[in-house]
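Undergrad: In this note's numbering, the protein residues as written are 5 to 473. I'd like to ask you about the structure that follows.
Laid out in structure tokens, this is it:
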């Protein structure tokens, strides 16, 4: 038998049927459902008088539209309320048991935080959700990716998905990261090197000493951003860190079933000699804290660099995109990134809202205060359980004493579908995953950074290497 990559193994073990043109029917193990992309799918099932193929495969929670403060007033925005209420009704109508409703269950939060937190994401699974950052779950050696609304309905009705296999890509990061350089910096650095189309058509396996040294939370951050490098999926092989993270979580097998599962999970690594269609190798010594300067994740530089000029750009399309980014972001080329003042800081999202992220923020801000020039600092935990743990550890007090707003869990200012928005022409240091035009609100200006870098910007009022605080 020929050597297989991790992706090959995950794919091959889920093929139900393959056509001559390479199209396959792929079995789906876990379906994550939230309020934004599910209403039409449920409606389609109702109209066709179909039921869920396997209701137990679904984990559902509302996240995009839920408010992050004033919960006693409920959801004030009528469109957001309608979406969340519709999810409630559909969950009841289709008898979905694994549901963490808004306000009523403290486990509610961002779907990509709640799923792994509950042990709903297990190695070897295929995981889908009507959300592009489903790639997050690849950190646990799953084949995980986002799907469209029509596909959500298809998976609900058949537990399968029509798909074509991607090519294999290996991204290896060797050596050791400098103190204070995080998984977010690694991810942004990679995107800066290969571009936002660099992973198009590939499933990425992240490997190397740096990756093996990351926690599962760090690996989730890395895989979360695989989609921003153009890949549909990112993944990391199983190791002891994976198993230690999983053990004891509610949905994880127990007793003899755990032992059997571990035996299988340990096979979820790429075989020696497995073929990759493309390989990138990076040296950890080249990676410093990163800041995006433009309107694409690939427009990124290290904190000690200047915003690139047009001198060396010959591609007219790229040149035009840079010129537009300068104008939209209100910046000048060749300006040190540390000279950019920030108006707003957002720490949260499915990229960086886990307890490890919040602890790292607390380390930066403890005993310090928000700069007067910074209008708002929102810190939004990824789930009710993350919030509970943070408060148990006293992190919320550190944040509040620094002048930060400590919010309830949800997607919040990542994509501005609730009340949390960045104002027109306001500059935001954000731990989220996209810096597109208008992503955090009309005419908002987003710079992607790690939690530590966001915290440091909140304290001094401009971008700074957090290690110098």
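Idealized CB from N, CA, C, for every residue including glycine.
Who are the near neighbours of residue 409 in its chain, counting only those whose CB is closer than 6 Å to its CB and skipping five residues on each side?
TA: If we look at residue 409 and ignore the five residues flanking it on each side, its Cβ neighbours are 382.
Undergrad: Does residue 200 come out as helix, strand or coil in the three-state DSSP assignment?
TA: It is coil, neither helix nor strand.
Undergrad: Using the Cα positions of residue 275 and residue 411, report the straight-line distance between them to the nearest angstrom.
TA: 45 Å
Undergrad: Kindly indicate the opening and closing residues of the alpha helix (DSSP H) around residue 227.
TA: 220–228
Undergrad: Name, in chain order, the residues that DSSP records as bridge partners for residue 172.
TA: 207
Undergrad: Report the three-state DSSP secondary structure of residue 351 (helix, strand or coil).
TA: strand
Undergrad: Would you mind reading off the limits of the alpha helix (DSSP H) that contains residue 363?
TA: 359–369
Undergrad: With DSSP as the reference, label residue 415 as helix, strand or coil.
TA: coil
Undergrad: For a quick check, are the C-beta atoms of residue 246 and residue 145 less than 8 Å apart?
TA: For residue 246 and residue 145, yes; Cβs fall inside 8 Å.
Undergrad: What are the boundary residues of the alpha helix (DSSP H) that includes residue 21?
TA: Note, residue 21: premise wrong, no alpha helix (DSSP H); beta strand (DSSP E) at 19–22.
Undergrad: In the DSSP assignment, the beta strand (DSSP E) including residue 35 goes from what residue to what residue?
TA: 34–37
Undergrad: Counting only the same chain and skipping the five closest in sequence on each side, list residues whose C-beta sits under 6 Å from that of residue 425.
TA: 445
Undergrad: Within the same chain, show all residues whose beta-carbon is closer than 8 Å to that of residue 137, passing over the 5 residues directly before and after it, in chain order.
TA: 116, 150, 228, 231, 354, 355, 437
Undergrad: Which residues in the same chain have their Cβ closer than 6 Å to the Cβ of residue 56, if we skip the five residues on either side of it in sequence?
TA: For residue 56, same chain residues with a beta-carbon under 6 Å away, outside a window of 5 residues either side, are 98, 160 in chain order.
Undergrad: Could you spell out where the alpha helix (DSSP H) holding residue 401 opens and where it closes?
TA: 399–405
Undergrad: Which residue marks the beginning of the beta strand (DSSP E) containing residue 149, and which one marks its end?
TA: The continuous beta strand (DSSP E) containing residue 149 extends over residues 147–150.
Undergrad: Answer yes or no: does any C-beta atom of chain C fall closer than 8 Å to that of residue 299?
TA: Annotation note: the requested chain C is absent from the structure, which comprises a single protein chain.
Undergrad: Can we say the segment 99–106 touches the segment 198–205, given the rule of at least three CB pairs closer than 8 Å?
TA: no
Undergrad: Give every residue of the same chain whose Cβ lies closer than 7 Å to the Cβ of residue 323, excluding the five residues on either side of it in the sequence, and list them in chain order.
TA: Contacts found: 314, 317.
Undergrad: Taking 6 Å as the limit between beta carbons, can you name the residues of its chain near residue 135, skipping five residues before and five after?
TA: 150
Undergrad: According to DSSP, simplified to helix, strand and coil, what is residue 448?
TA: coil
Undergrad: Less than 8 Å between the beta carbons of residue 216 and residue 334, yes or no?
TA: no
Undergrad: Quick check on the burial criterion: 16 or more other C-beta atoms within 10 angstroms. Buried or exposed for residue 268?
TA: exposed
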